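Heads up, the thing below is written out as C-alpha cells.
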Amino acid sequence: MNANKTIYSASVPEVCQRFINGAINPPSGPSCFSSLYSTISGHNATFSTCCGDAKPEIYGDDKPCFQYCVASYIVAEKAMYECLKKSNINFGCTGKRDAAGNFSAAGPARSLSVGGVLVVGLALVGMLSV
36 MNANKTIYSA SVPEVCQRFI NGAINPPSGP SCFSSLYSTI SGHNATFSTC CGDAKPEIYG
96 DDKPCFQYCV ASYIVAEKAM YECLKKSNIN FGCTGKRDAA GNFSAAGPAR SLSVGGVLVV
156 GLALVGMLSV
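Here my numbering = 1-based position in the sequence shown + 35.
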C-alpha cells in the first residue's frame, strides 16, 4: 500500500474510495482499463499515452471511477497491454494471457464483431445452397 494513500484519498470522491488503484471490466472489448484514481504518480497520463490513438473514456454508470480505451482490433489491444505492462501502473485488458502469462492475440469471444458473425453465416448459407 502506498504511504500517501490516506492523504490522496481525501481528494477522491467517496463513491470511488474503494476503487483507488483498482478497476472493473470495461463496457466493451477489446480494450484496456484502469482506475481514474490512483496513488501512482503520472498514472492517468501514462494510461492515456498507452492508449495511442484511442482516447480514454470514462465508465462506471452515473458514478464514474474508471477509464478504458477501446482497441480497434486485438493487435492494437496487445500493443496497449505491452505499453501498460512496462509502465508499472495498475490496469487490466480484456484479451487473454497464455499459460506463461504473456498476452495472447487470441482475444475473448466477445471481440468477434457482429459483422464478422454475419459474414461467416452468409458464407455457410452460400455453401449449403450449392
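Cβ coordinates follow ideal geometry from the N, Cα and C atoms, glycine included.
Owing to the predicted nature of the structure, the values given are computational and were not obtained by experimental measurement.
Tyr116 is the residue among Pro99, Tyr116 and Asp133 whose C-alpha sits nearest the C-alpha of Phe126. DSSP, read as helix, strand or coil, puts Tyr108 in coil. The DSSP-derived three-state label of Phe126 is coil. When DSSP states are grouped into helix, strand and coil, Cys100 belongs to the coil group. Counting along the chain, Phe82 sits inside the alpha helix (DSSP H) bounded by residues His78 to Cys85. Segment contact: the segment 51–63 against the segment 82–90, fewer than three CB-CB distances shorter than 8 Å; contact not assigned.
DSSP places Tyr72 outside both helix and strand once states are collapsed to three, so it counts as coil.
A distance below 8 Å between beta-carbons, with the five flanking residues on each side excluded, links Ala58 to the following residues of its chain, in chain order: Phe68, Ser69, Ser70, Phe101, Asn125, Phe126 and Gly127. Cβ-Cβ separation between Ser66 and Val105: approximately 5 Å, consistent with a contact (criterion under 8 Å). Around the C-beta of Ser73, 16 or more other C-beta atoms lie within 10 Å, and the residue is accordingly described as buried. Annotation: the continuous beta strand (DSSP E) that includes Glu92 extends over Glu92 to Tyr94.
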